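Numbering (the working numbering), first residue to last: 5 to 116. As structure tokens, the structure follows; a few thoughts come after it.
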């Protein structure tokens, strides 16, 4: 059994970033959002309509998923006229880590 002192010492491993990481995992736990993330890691210059067609989902549904990814600070949007191009926020270390993990997992399983 841990002493009170040991319990407080163990609690010091928790950080404010824990909630950000949990949010990232929750957001990416939806298969369509994960696939959008993965698609954009491989091909960063796709429009929302391109993504919707690739995933065989409606444009409003693709837009909704992209909005959730954006609110989680995983994506940002670029506009070129009427076309919106979502792109990964590589300045977010969680994005960098997720992309690296996806690439390593695919490589390990012999996929691209």
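Even glycine gets a Cβ: it sits at the ideal position worked out from N, Cα and C. All of these numbers come straight from a predicted model, not from anything done at the bench.
So who's on the other strand from residue 48, going by DSSP bridges?
In the DSSP output, where bridge partners are listed per residue, residue 48 has none listed.
Note down, in chain order, each residue of its chain lying with its Cβ closer than 8 Å to the Cβ of residue 74, except the 5 sequence neighbours on either side.
Excluding positions up to five away in sequence, the list reads 80, 81, 90.
Alpha helix (DSSP H) containing residue 91: first to last residue?
Note, residue 91: premise wrong, no alpha helix (DSSP H); beta strand (DSSP E) at 87-92.
Indicate the three-state DSSP secondary structure (helix, strand or coil) for residue 78 in the structure shown.
Looking at residue 78 - three-state DSSP - the assignment turns out to be coil, as it is neither helix nor strand.
Return the Cβ separation of residue 56 and residue 46 in integer angstroms, given the expectation that the two are a contact with Cβ distance under 8 Å.
Between residue 46 and residue 56 the Cβ distance is about 17 Å, and since that is not below 8 Å, they are no contact.
Opposing strand residues paired with residue 84 [DSSP bridges]
According to DSSP, residue 84 shares a beta bridge with 87.
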